[in-house]
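First residue of the sequence shown: 999, per the working numbering; consecutive thereafter. Don't be surprised by glycine CBs; every beta carbon is placed ideally from N, CA and C.
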Amino acid sequence: MWLFILFVAVPIIEIALFIQIGGSIGIFPTLLIVILTAALGTWLVRSQGLATLSSLKNQVDNFQNPTQQLAHGAMILFAGALLLTPGFFTDGFGFLLLVPRFRDFAFDYLRARITVGSNGRAGFVHPNSTKYNKQSSSGGIIEGEFYEDTESKD
(Lines of atoms letter the chains of each structure in order from A and count residues from 1; the text may use other names and numbers.)
(Lines give C-alpha, C1' and ligand atoms only; values in the text may rest on other atoms or scores of the structure.)
Protein backbone atom coordinates (compact mmCIF):
# COMPACT_ATOMS: atom_id res chain seq x y z
CA MET A 1 0.00 0.00 0.00
CA TRP A 2 2.81 2.41 0.86
CA LEU A 3 4.37 1.84 -2.57
CA PHE A 4 1.12 2.89 -4.25
CA ILE A 5 0.99 6.02 -2.10
CA LEU A 6 4.60 6.78 -3.03
CA PHE A 7 3.89 6.42 -6.76
CA VAL A 8 0.95 8.81 -6.43
CA ALA A 9 2.48 11.31 -3.98
CA VAL A 10 5.85 11.87 -5.68
CA PRO A 11 4.43 13.04 -9.04
CA ILE A 12 1.96 15.32 -7.24
CA ILE A 13 4.81 16.83 -5.21
CA GLU A 14 6.92 17.23 -8.37
CA ILE A 15 4.10 18.95 -10.27
CA ALA A 16 3.44 21.31 -7.36
CA LEU A 17 7.15 22.18 -7.13
CA PHE A 18 7.39 22.76 -10.89
CA ILE A 19 4.40 25.11 -10.76
CA GLN A 20 5.72 26.95 -7.71
CA ILE A 21 9.32 27.32 -8.89
CA GLY A 22 8.36 27.92 -12.52
CA GLY A 23 5.98 30.66 -11.42
CA SER A 24 8.69 32.29 -9.32
CA ILE A 25 11.68 32.21 -11.66
CA GLY A 26 10.14 31.45 -15.07
CA ILE A 27 10.02 28.42 -17.31
CA PHE A 28 13.46 28.67 -18.94
CA PRO A 29 15.44 29.01 -15.69
CA THR A 30 13.40 26.13 -14.27
CA LEU A 31 14.22 23.91 -17.25
CA LEU A 32 17.87 24.97 -17.07
CA ILE A 33 18.03 23.97 -13.40
CA VAL A 34 16.50 20.56 -14.20
CA ILE A 35 19.03 19.96 -17.00
CA LEU A 36 21.99 21.15 -14.91
CA THR A 37 21.04 18.97 -11.93
CA ALA A 38 20.82 15.95 -14.25
CA ALA A 39 24.28 16.71 -15.69
CA LEU A 40 25.83 17.39 -12.28
CA GLY A 41 24.15 14.31 -10.84
CA THR A 42 25.48 12.14 -13.65
CA TRP A 43 29.01 13.38 -13.03
CA LEU A 44 28.75 12.87 -9.24
CA VAL A 45 27.22 9.40 -9.62
CA ARG A 46 30.00 8.37 -11.98
CA SER A 47 32.80 9.61 -9.72
CA GLN A 48 31.30 8.18 -6.53
CA GLY A 49 30.40 4.94 -8.28
CA LEU A 50 33.99 4.46 -9.45
CA ALA A 51 35.30 5.20 -5.94
CA THR A 52 32.85 2.71 -4.45
CA LEU A 53 33.79 0.10 -7.05
CA SER A 54 37.48 0.57 -6.21
CA SER A 55 36.75 0.23 -2.49
CA LEU A 56 34.65 -2.87 -3.17
CA LYS A 57 37.49 -4.44 -5.17
CA ASN A 58 39.95 -3.73 -2.33
CA GLN A 59 37.64 -5.32 0.23
CA VAL A 60 37.12 -8.42 -1.89
CA ASP A 61 40.87 -8.70 -2.57
CA ASN A 62 41.54 -8.52 1.19
CA PHE A 63 38.81 -11.09 1.98
CA GLN A 64 36.73 -8.53 3.90
CA ASN A 65 32.95 -8.38 4.02
CA PRO A 66 31.85 -6.18 1.07
CA THR A 67 28.23 -5.79 2.22
CA GLN A 68 28.47 -2.10 3.03
CA GLN A 69 30.17 -1.23 -0.26
CA LEU A 70 27.56 -3.22 -2.20
CA ALA A 71 24.80 -1.33 -0.39
CA HIS A 72 26.53 1.98 -1.11
CA GLY A 73 26.77 1.02 -4.77
CA ALA A 74 23.05 0.24 -4.87
CA MET A 75 22.23 3.56 -3.21
CA ILE A 76 24.45 5.43 -5.69
CA LEU A 77 22.69 3.64 -8.56
CA PHE A 78 19.30 4.63 -7.11
CA ALA A 79 20.56 8.20 -6.68
CA GLY A 80 21.50 8.24 -10.35
CA ALA A 81 18.01 7.14 -11.34
CA LEU A 82 16.49 9.84 -9.14
CA LEU A 83 18.78 12.54 -10.50
CA LEU A 84 17.97 11.65 -14.10
CA THR A 85 14.25 11.83 -13.31
CA PRO A 86 13.09 15.40 -13.98
CA GLY A 87 11.99 17.08 -10.78
CA PHE A 88 13.15 18.96 -7.73
CA PHE A 89 11.95 16.52 -5.05
CA THR A 90 13.63 13.52 -6.70
CA ASP A 91 16.78 15.58 -7.29
CA GLY A 92 16.89 16.54 -3.62
CA PHE A 93 16.60 12.95 -2.49
CA GLY A 94 19.08 11.83 -5.16
CA PHE A 95 21.67 14.35 -4.00
CA LEU A 96 21.02 13.28 -0.40
CA LEU A 97 21.86 9.69 -1.36
CA LEU A 98 25.20 10.91 -2.72
CA VAL A 99 26.25 12.13 0.74
CA PRO A 100 28.38 9.32 2.25
CA ARG A 101 27.25 10.00 5.84
CA PHE A 102 23.60 9.73 4.81
CA ARG A 103 24.34 6.44 3.01
CA ASP A 104 26.03 5.17 6.20
CA PHE A 105 22.94 6.14 8.20
CA ALA A 106 20.62 4.48 5.65
CA PHE A 107 22.79 1.34 5.62
CA ASP A 108 22.78 1.10 9.43
CA TYR A 109 19.00 1.62 9.50
CA LEU A 110 18.33 -1.06 6.88
CA ARG A 111 20.84 -3.48 8.41
CA ALA A 112 19.02 -3.23 11.74
CA ARG A 113 15.69 -4.03 10.04
CA ILE A 114 16.84 -6.92 7.82
CA THR A 115 17.43 -10.35 9.27
CA VAL A 116 19.03 -13.35 7.60
CA GLY A 117 18.06 -16.78 8.87
CA SER A 118 20.31 -19.79 9.08
CA ASN A 119 18.46 -21.37 6.18
CA GLY A 120 19.59 -18.57 3.87
CA ARG A 121 16.27 -16.72 3.71
CA ALA A 122 16.25 -12.99 4.27
CA GLY A 123 13.45 -10.58 4.99
CA PHE A 124 12.32 -7.50 6.85
CA VAL A 125 11.27 -7.78 10.47
CA HIS A 126 8.65 -5.44 11.84
CA PRO A 127 9.41 -4.34 15.44
CA ASN A 128 6.05 -5.66 16.72
CA SER A 129 6.10 -8.98 14.87
CA THR A 130 7.66 -12.34 15.58
CA LYS A 131 10.43 -13.68 13.40
CA TYR A 132 9.48 -15.73 10.36
CA ASN A 133 11.57 -18.78 11.14
CA LYS A 134 9.78 -20.24 14.15
CA GLN A 135 10.09 -23.99 14.43
CA SER A 136 7.05 -26.14 13.92
CA SER A 137 5.52 -27.59 17.07
CA SER A 138 5.16 -31.00 15.41
CA GLY A 139 8.90 -31.71 15.53
CA GLY A 140 9.68 -30.90 11.91
CA ILE A 141 8.01 -33.98 10.35
CA ILE A 142 5.95 -33.22 7.28
CA GLU A 143 3.55 -35.90 6.12
CA GLY A 144 2.35 -36.21 2.55
CA GLU A 145 1.61 -38.52 -0.36
CA PHE A 146 3.44 -38.86 -3.63
CA TYR A 147 3.15 -40.78 -6.87
CA GLU A 148 5.61 -41.58 -9.61
CA ASP A 149 4.74 -40.22 -13.05
CA THR A 150 5.92 -42.78 -15.60
CA GLU A 151 4.31 -41.23 -18.67
CA SER A 152 6.72 -39.94 -21.28
CA LYS A 153 6.31 -36.29 -22.28
CA ASP A 154 7.74 -36.74 -25.82
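- When secondary structure is reduced to three states using DSSP, threonine 1065 falls in the helix class.
- For isoleucine 1025, the three-state secondary structure derived from DSSP is helix.
- Residue state for threonine 1113 is assigned as strand, using DSSP reduced to three classes.
- Along the length of the region 1051-1095, whole alpha helix (DSSP H) runs at least 4 residues long occupy 1065-1082, 1086-1095, reported in chain order.
- Contact between threonine 1050 and glycine 1071 holds, since their C-beta atoms are separated by about 5 Å, short of 8 Å.
- Here phenylalanine 1087 is buried, its C-beta having at least 16 other C-beta atoms within 10 Å.
- When the Cα atoms are used, aspartate 1059 and glutamine 1066 turn out to be separated by approximately 15 Å.
- Of the other Cβ atoms in all chains shown, fewer than 16 fall within 10 Å of the Cβ of valine 1114; this residue is therefore exposed.
- Rounded to whole angstroms, glutamine 1018 and serine 1045 show a C-alpha spacing of 32 Å.
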